[in-house]
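Okay, so here's the structure we're looking at.
There are 4 protein chains.
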Amino acid sequence: MKKAPFKGVVAYPVTPFDNNESIDIPLFKKHVERLVSAGSHGIAPLGSTGVMPYLTDAEKEAMTEATIQQVANRVPILVGVSNLTTEKTVYHSQFAEKAGATAVMISPMSYWKLTDDEIVKHYDTVASKISIPIMAYNNPATAGVDMSPALLKRLLQIPNVTMIKESTGDIQRMHYLRKELGEEVTFFNGSNPLALAAFSAGATGWCTAAANLIPELNIALYDAVQENDLDQARRLFYKQVDLLKFIVAKGLPRAIKTGLDLLGIDGGGFKSPLKPLTENETSELDGILSAIKSEIYQY
Amino acid sequence: MKKAPFKGVVAYPVTPFDNNESIDIPLFKKHVERLVSAGSHGIAPLGSTGVMPYLTDAEKEAMTEATIQQVANRVPILVGVSNLTTEKTVYHSQFAEKAGATAVMISPMSYWKLTDDEIVKHYDTVASKISIPIMAYNNPATAGVDMSPALLKRLLQIPNVTMIKESTGDIQRMHYLRKELGEEVTFFNGSNPLALAAFSAGATGWCTAAANLIPELNIALYDAVQENDLDQARRLFYKQVDLLKFIVAKGLPRAIKTGLDLLGIDGGGFKSPLKPLTENETSELDGILSAIKSEIYQY
Amino acid sequence: MKKAPFKGVVAYPVTPFDNNESIDIPLFKKHVERLVSAGSHGIAPLGSTGVMPYLTDAEKEAMTEATIQQVANRVPILVGVSNLTTEKTVYHSQFAEKAGATAVMISPMSYWKLTDDEIVKHYDTVASKISIPIMAYNNPATAGVDMSPALLKRLLQIPNVTMIKESTGDIQRMHYLRKELGEEVTFFNGSNPLALAAFSAGATGWCTAAANLIPELNIALYDAVQENDLDQARRLFYKQVDLLKFIVAKGLPRAIKTGLDLLGIDGGGFKSPLKPLTENETSELDGILSAIKSEIYQY
Amino acid sequence: MKKAPFKGVVAYPVTPFDNNESIDIPLFKKHVERLVSAGSHGIAPLGSTGVMPYLTDAEKEAMTEATIQQVANRVPILVGVSNLTTEKTVYHSQFAEKAGATAVMISPMSYWKLTDDEIVKHYDTVASKISIPIMAYNNPATAGVDMSPALLKRLLQIPNVTMIKESTGDIQRMHYLRKELGEEVTFFNGSNPLALAAFSAGATGWCTAAANLIPELNIALYDAVQENDLDQARRLFYKQVDLLKFIVAKGLPRAIKTGLDLLGIDGGGFKSPLKPLTENETSELDGILSAIKSEIYQY
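Protein chains in written order, with my numbering: chain X, 1 to 299; chain L, 1001 to 1299; chain P, 2001 to 2299; chain R, 3001 to 3299.
Right, here's the structure in full:
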């Protein structure tokens, strides 16, 4: 069986910027602390929510170190290290390993669509330079290339590629992975509105930025599935589905930071060209959060 | 609450043709009998599996009457009456009602893409001419037009449109319907590979031709969901998922008839231009059916 | 070289209905006469514009005969005979041949997506039963199945399949046909907004309902290309492009009939569920037609 | 009228790497010289073909300076400066201006899909910091975001955004731009297989890497259009279309470098994870180049 250090709700913190568009590390640490305290089963800095591709090398390194320091071994840490070039991906993977990350998450960033052979070689090269596990992350909407289930299966032949994160939102991909690879492969769902269907299909965990806003509902959904209580899982899912759809539709960094502000928590500023939600969108999000809050004490 | 005469596994029989490409009614009745005996919760003649759009008016009428006669009130009957023109849809709906159908299923067949207003008017006209319930059926892959969840919600304002059948395979459509319309709306899943996800999302039933080949697995999946046993539902789903994907990928009439032949049951011939599966496809299907058979006594 | 009885602007008349949704044959003949008088190089009744799939067999036959009578050998006639079943396609093809049609146009109508082999067999069966030429018509948006350029090339191996009509709007399909099949293959463009690009790519003709509204501009564009005058062709195309896009976006029967009304010509009524343009759409079309009229005397 | 310093064939050189995956500047200069000598009307370093996003800041600066030095004012120079962040895009734009570039080319690189307002603000900020013209470049396949024609129209309101490069391959986008913006707007085609259709539609120029392999055919096509000789333009296009399709299908850096090798010219190495064409692909490209060579003296 492949080693899988993660399960449950893996939470993705935002990266807060100050007025000069520099990272505010102390504020970032507060966000990490909130996520750990809320009961998240893992923390994933430098994800899509954390706008990793927009950061300089020095910023990425500071974020990695800050996370590891703040988490202090309470939960496992998954560090995003994807990069357009193999050289840089190796560099950041090695940095994460030395700093103490539990595992790294890698998507095949692409400007030019990569061939399957190029992608396999890319993962293989990185894997040979580190000894911690790799989560292969498929998200064509952001990374620009779609890894087929068959390719993901190929990647799992590389010894320390032990986890798959699927974010296409296509439940059939998960059926394929489970059917082809058996119950021992751990795959994670990265598409928020697919949370119920993915857990029903046997996903090991849920990689989500929603835990910044509604951690108790996210975790309760996972718990209901663990307890084999489909009715309860369904009820919990429908309580949160509007938020899950909204944050994906609007872009996670925008929606989560604005949501934090609505909850009275400083989400920090943005790195241009990314901007906050518009006034109308903010008002829509406020309505969704209020509806959740009014229901939340009932289940 | 809207009246919903169906639930569970609604089975779609094939339409068998003889060597002259005429319908073999006695053979058709045997298929109906098999489906009822197997425990199907409803029977749906003249569906996509039954190649309804390829039949003459007289053939459709003979099929409707044969079904009603054979079922003999043991389970409810859902008759497909979709047609390109409103006039013909009214005609076949009235025929079905008089013949004793429980309800009719209508998709907005289209050559020219219909506007939302045209679709609403079409359903409204038909609904005003009959008094049995209507299932609004969305399947863009066959009918040629995609009804958005918002449009389906509009159709449910028409008094006897009381059921939705969603066959896009997009689980988010079902989330929307349930969230927008509440627990009292009955929606049915028509996408076989989505069976587990749809039941998890709260689907009332599953419209499927798979019941011609593996009725016990289809029904057991429904039962597991009814018993709130997600683990068992998942196990049962993974036993049948390869078949569910195959029959959709190859076209239901081709795959089901060839599958019946493999099971030693006469599925009857085809109406040109539709043809049976190729030799390679037949061999692939044989492998899938054999794998299911070898597992089936284990759960 | 394959026999190609058509070239230039092939005009598609509408099918006018009366208040009881029956065809108004005398009014239809007036439309045919207008198209011939305007200089169209061919007439194509029972096309998509003529809502052929919505008609009964008797109606189709009456339309075919009325066209042949009215045209009286002045230009060649292309009769649409597509049908879901091979049997009916043969029937209508034979009727058209006996009635005196120059050629028939056939698209592989589909409810169930047809395989390539099924499509080839379908055309081959029909071709073997008639001796007039066949135009293979690819329009996935209406017929529901997309014939690849490679499949179209296969169809051209059938002796009397001598013409291709491509309506996907993808100019690369035409490049492929021309490159693979040489200058002797005649392919026709059925996508109105692609008229300039298709003629530039070497299309033999343009199958269009626009000739009901702006025949002089359609024919002048063809003439400019024949005269190798790209600058003039471009000018003429930009005069009409807004109309070409509009009629496709709104559906040809709706847009052409409403446009005829705006020009003071009785376009006749519709067959339900198809309806006329809305008030706003009619107003938009009026603006487009007025802009064309004000420019038309300048070139 | 907006200032448009480019027209005709704008050639995109490759970026050659040595065995350590460092840029080989002397070899790069030879490629620039070949393109200028062949009669290209402009040179565009740091484009997609030049794998700009994979380079470090220092590498980009060295390439910019090398190009300007080698071209020595013989033709205008268009430098690619796109970047995920606004800050870095400003930085590289200012560098290019100071170094002597004629204009800069900017696509809205995206990891998170940008909103229209974010894109406008991004261009506006960059435009306010430089005084040379900007070409707004739309290529969703590489940049990850699709700028609608309406958004491109909005961008043209910014004073020094004076040119559009459209690489979607959708000819209707160009019709829209020309129709909406008039004959004075200069738009460039960046989709190689669309070269004939785009020039027919009125494109001012063609941004292409094909000029590394078949500059004489590229330039002759442009000349034929300038001479209003559509027949000749069509003949020339069909001579090169197979190559144009191939290089796009396989990825420009891979296909162009391998093609250079086949022509006996050192194209240099790749930056991982990008790799050369496979053996089969190389053989296919060889066949295409040979067919062109054997025809080329005939027109």
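Glycine is no exception: its CB is placed at the ideal position from the N, C-alpha and C atoms.
Under the three-state reduction of DSSP, Phe2028/P is assigned to helix. Interface with chain L (8 Å Cβ-Cβ cutoff): Asp223/X is excluded. For the C-beta of Glu2284/P, not a single chain L residue is nearer than 7 Å; the gap to the nearest is close to 15 Å.
Taking all protein chains in view, the Cβ of Gln157/X is surrounded by fewer than 16 other Cβ atoms within 10 Å, so the residue is classified as exposed. For Ser1110/L, no chain X residue has a Cβ inside 7 Å of its Cβ, as the nearest lies near 26 Å away. Closer than 8 Å to the CB of Asn2228/P there is at least one CB belonging to chain R.
Burial state of Ser2037/P is exposed, judged by a 10 Å Cβ sphere holding fewer than 16 other Cβ atoms.
Against Ser3272/R, the close residues of chain X are Thr85, Thr86, Glu87, Glu118, Lys121, His122 and Thr125, in the order they occur along the chain (beta-carbon pairs closer than 9 Å).
Residue-level contact check: Gly269/X does not touch chain R, since none of the beta carbons of chain R fall below 8 Å from its beta carbon. The beta-carbon of Lys250/X is placed no less than 8 Å from the nearest beta-carbon of chain L. With at least 16 other beta carbons inside 10 angstroms of its own, Pro1215/L counts as buried. Contact between the region 1247–1264 of chain L and the region 1210–1226 of chain L is present: 3 or more CB-CB pairs across the two stretches fall below 8 Å.
The beta carbons of Thr102/X and Ile132/X sit about 7 Å from each other, so the pair counts as a contact at 8 Å. Within 8 Å of the CB of Gln3069/R, no CB atom of chain P is found; the nearest one sits about 39 Å away. Going by C-alpha positions, Glu1065/L is about 17 Å away from Phe1017/L. In the structure shown, Gly3259/R adopts helical secondary structure according to DSSP, grouped into three states. Distance from Glu1281/L to Lys1250/L at the Cβ level is roughly 6 Å; contact confirmed, criterion being Cβ atoms closer than 8 Å. Exposure of Asp266/X is indicated by the presence of fewer than 16 other C-beta atoms within 10 angstroms of its C-beta. With distances taken between CA atoms, Ser2110/P lies nearest to Ser1272/L out of Pro1276/L, Ile1292/L, Leu1277/L and Ser1272/L. DSSP, reduced to helix, strand and coil, places Asn2218/P within a helical segment of the structure shown. With contacts defined by Cβ atoms closer than 8 Å, Lys179/X and Asp1242/L form a contacting pair.
Collapsing the DSSP output to three states places Glu2279/P in a helix. Counting only Cβ-Cβ distances below 9 Å, Pro3193/R has contacts in chain P at Ile2171, Gln2172 and His2175, in chain order.
Under the 10 Å beta carbon count, Gly182/X is surrounded by fewer than 16 other beta carbons and is classified as exposed. For Val2241/P, the enclosing alpha helix (DSSP H) starts and ends at Leu2230 to Lys2250. Apart from the 5 residues on each side of it in sequence, Ile119/X sits with its Cβ closer than 6 Å to the Cβ of Pro108 in its chain, given in chain order.
As the crow flies, the alpha-carbon of Asn3019/R is around 26 Å from that of Thr3142/R.
Taking the beta carbon of Ala3255/R as reference, no residue of chain P falls within 8 Å; the closest one sits roughly 17 Å away. In the same chain as Arg1173/L, and ignoring 5 residues on each side of it, the C-beta atoms closer than 7 Å to its own belong to Pro1149 and Glu1166, in chain order. Contact annotation for Leu2196/P against chain R: Ile3171, His3175, Ala3197, Ser3200 and Ala3201 [CB-CB distance below 9 Å, chain order].
Contact between the region 1035–1050 of chain L and the region 2068–2081 of chain P is absent: fewer than three C-beta pairs spanning the two stretches fall below 8 Å. Contact annotation for Thr1208/L against chain P: no contact, minimum CB-CB distance about 16 Å [criterion: below 7 Å]. Every beta strand (DSSP E) of 3 residues or more that sits fully in the region 2124–2153 of chain P is shown, in chain order, as 2134–2138.
With respect to chain X, the C-beta atom of Lys3239/R has no partner C-beta closer than 8 Å.
Within the same chain, Phe1246, Ala1255, Thr1258, Gly1259, Leu1262 and Leu1277 come within 7 Å of Leu1285/L by CB-CB distance, once the 5 residues on both sides are set aside. Residues of chain L whose Cβ lies closer than 8 Å to the Cβ of Asp242/X are, in chain order, Lys1179.
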